[in-house]
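In full-length UniProt numbering, the protein residues as written are 1 to 485. Yeah, the Cβ is synthetic: ideal placement off N, Cα and C, and Gly gets one too.
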């Protein structure tokens, strides 16, 4: 299986190359050169699989046994999910009035990113040990990515991780999940800025190709192909859990409601659809509504500023993974994709060509949800089910309630993806007039020692980042030298 850049200039790479690159050298994102097609028979066979079983099948399809033999792959995925709290890893809660909530948050940090990052970290370590190499992972986070990335590689001997978090823009719990990990290979910086601002020094560092190569840098943000690959399993599991039967011709549809910021779960759903999964996609965003405006009006443009909302992990202006969706809608035409994305990067505003916009609105519908609607949805779900939603999950469930209240009869089952546990967002639970339920592990964070280096306004953030990376490289070379003597 080969991977090509959505912008068409970078040479093609295998799965290992895509895993270690993050962005392609031409600024694009890696995508499979050809998408396999799953027939009805395969879907019927997969329908009885567990969530980890689906991840194994999808990864085997997109990685190739010459890179990771099937037995090794299965071991890596079992190891990745070994610390999840739920025996199913991912669990579907069937609530009143046809509300299906797919709980993607049973990992260590109580968020969906544990699923893809725990697998990605296993793949990384597999290749690093084989090649006797070291990488430095650099992650910018709006909240959940940082803690899940740290969790997945903490203590790993071939990996150092640098995380930039937006000081005061994450919840207290999210911040503590990052700053209380005191392992030697974890380096956390608290930036005086929002998540889009802290992405700037990271982009600058990654734009220096020689520097990236010299220090073996990589990113684990949602642009990394291996994360999108694992996230495809959410959609397959949602489908098989919610479909009434697989005996009809054609196979029945299931509607999947995807709450998103950077559009990773949306890209994963669209690829799942392209390879044969009969799902209808609904994308749900908070007041940072660039994806909603793109779907509704073809208006792919930045707003004046990021708006702070209760669904803070989705307070993102630039939905990087839309580039993957555009590329697929353009029929994998990288020239047109490159022109569109370069225009967006120059002017921060693009009106989608008519044909592209009509294709997009055929494959996905969208909604944007206010904080008021988030708290109302959380309250209603509690009243009807005694079930606490996190604010991001409420963004998805709000769509379900809207459809129900319109009393539009639909025989299509619907599944709402729940990206995080309400336990991570006590502030939002209180704002909804409800009582937070905080697990003991999260309470314990309050009493742990923390470590976090400030990046203040006025500091040269890029320089601080470069110096840290150079220092880690020197240290690793020292370790490697000692080990070989």
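Residue 408 is classed as exposed because its beta carbon has fewer than 16 other beta carbons within 10 Å across all chains shown. Here residue 181 is actually not in contact with residue 202; their C-beta atoms are around 20 Å apart, not less than 8 Å. DSSP, reduced to helix, strand and coil, places residue 9 outside both helices and strands of the structure shown, so it counts as coil. In this structure residue 395 is not in contact with residue 262, their Cβ atoms being roughly 14 Å apart against a cut-off of 8 Å.
With fewer than 16 other Cβ atoms inside 10 Å of its own Cβ, residue 98 counts as exposed.
Positions of the beta strand (DSSP E) runs, each at least 3 residues long and wholly inside the segment 394-469, are given as 414-418, 453-455 in order along the chain. With 16 or more other Cβ atoms inside 10 Å of its own Cβ, residue 266 counts as buried. By the Cβ neighbour-count rule, residue 177 is buried, with 16 or more other Cβ atoms within 10 Å of its own. Between the C-alpha atoms of residue 198 and residue 165 there is a straight-line separation of about 8 Å.
Going by C-alpha positions, residue 85 is about 20 Å away from residue 426. An exposed status is given to residue 342, since fewer than 16 other beta-carbon atoms sit within 10 Å of its beta-carbon.
In the structure shown, the three-state DSSP call for residue 299 is strand. In this chain, residue 103 is not harboured by any alpha helix (DSSP H); it is covered by the beta strand (DSSP E) spanning 100-103.
Pairing residue 352 with residue 299 gives a Cβ-Cβ distance under 9 Å. Judged by beta-carbon spacing, residue 54 lies within the 9 Å limit of residue 46, meaning their Cβ atoms are closer than that value. For residue 324, the secondary structure class from DSSP, reduced to helix, strand or coil, is helix.
In the DSSP assignment, residue 165 falls within the beta strand (DSSP E) that extends over 159-166. For residue 218, DSSP records a beta bridge to 137. Going by beta carbons, residue 194 and residue 145 fall outside the 9 Å limit. Residue pairing from DSSP leaves residue 387 without any beta-bridge partner. Taking 8 Å as the upper bound for CB-CB distance, residue 256 and residue 364 are not in contact here, some 10 Å apart. In this structure, residue 416 sits away from residue 241, with a CB-CB distance that is not shorter than 9 Å. Of the other Cβ atoms in all chains shown, fewer than 16 fall within 10 Å of the Cβ of residue 209; this residue is therefore exposed. Under the three-state reduction of DSSP output, residue 147 falls in the helix class.
Where residue 97 is concerned, there is no enclosing alpha helix (DSSP H), because DSSP gives it neither an H nor an E. Around the C-beta of residue 273, 16 or more other C-beta atoms lie within 10 Å, and the residue is accordingly described as buried. Between the alpha carbons of residue 480 and residue 226 lies a gap of roughly 28 Å.
Around the beta carbon of residue 434, 16 or more other beta carbons lie within 10 angstroms, which makes this residue buried. Per DSSP, the beta bridge partners of residue 254 are 279.
For residue 3, the secondary structure class from DSSP, reduced to helix, strand or coil, is strand. Taking 4 residues as the shortest admissible run, the UniProt domain "Threonine synthase N-terminal" (3-81) contains the following complete alpha helix (DSSP H) segments, listed from N- to C-terminal end: 15-21, 40-46, 51-63, 70-80. Remark: C-beta atoms of residue 389 and residue 431 do not approach each other more closely than 9 Å.
Judged by DSSP in its simplified three-state form, residue 182 adopts coil rather than helix or strand.
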